[in-house]
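Counting in numbering that gives the first Met the number 0, the sequence shown runs from 0 upward without gaps. Written out below as structure tokens is the structure these notes cover.
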Amino acid sequence: MAKTDPKTMPDLASAVQNHLQQIQDKFQTMSDQIIGRLGDISSRIDDLEKNITNLVTQAKVEELESENEILATQKSGRLLIIDPEIWDTERRPAGFLS
């Protein structure tokens with residue numbers, strides 16, 4: 000292939016142009032896929048944040064309900080059963096659950 004051959008230079012330029020176009024097309028396809036996946040990840044993160052918020056809210060509600068049940072039990076005069084393992088042994092009345 001001679002440098003000055005007019006027939007091979009346009010063919011080479013065309014081949015290089017085609018190759019560059021293929022690379023650009025592949026790059027664009029990959030970019031679109033990445034952007035799509037990032038959108039999916041963003042949606043999943045949003046869903047996780049909502050679920051965590053709901054769980055925290057539910058836990059707070061359950062904690063308040065539990066506290067209200069304890070208060071209601073104390074006000075009603077019903078016997079409140081306490082686990083002796085968690086009750087401070089030095090503060091127990093004499094002879095209580097010895």
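Cβ coordinates follow ideal geometry from the N, Cα and C atoms, glycine included. No experiment lies behind these values; they were computed from the predicted model shown.
- K6 and N17 have their C-alpha atoms some 17 Å from each other.
- In this structure, the straight-line span from the alpha carbon of Q32 to that of L54 is close to 33 Å.
- In the three-state reduction of the DSSP assignment, K25 falls in the helix class.
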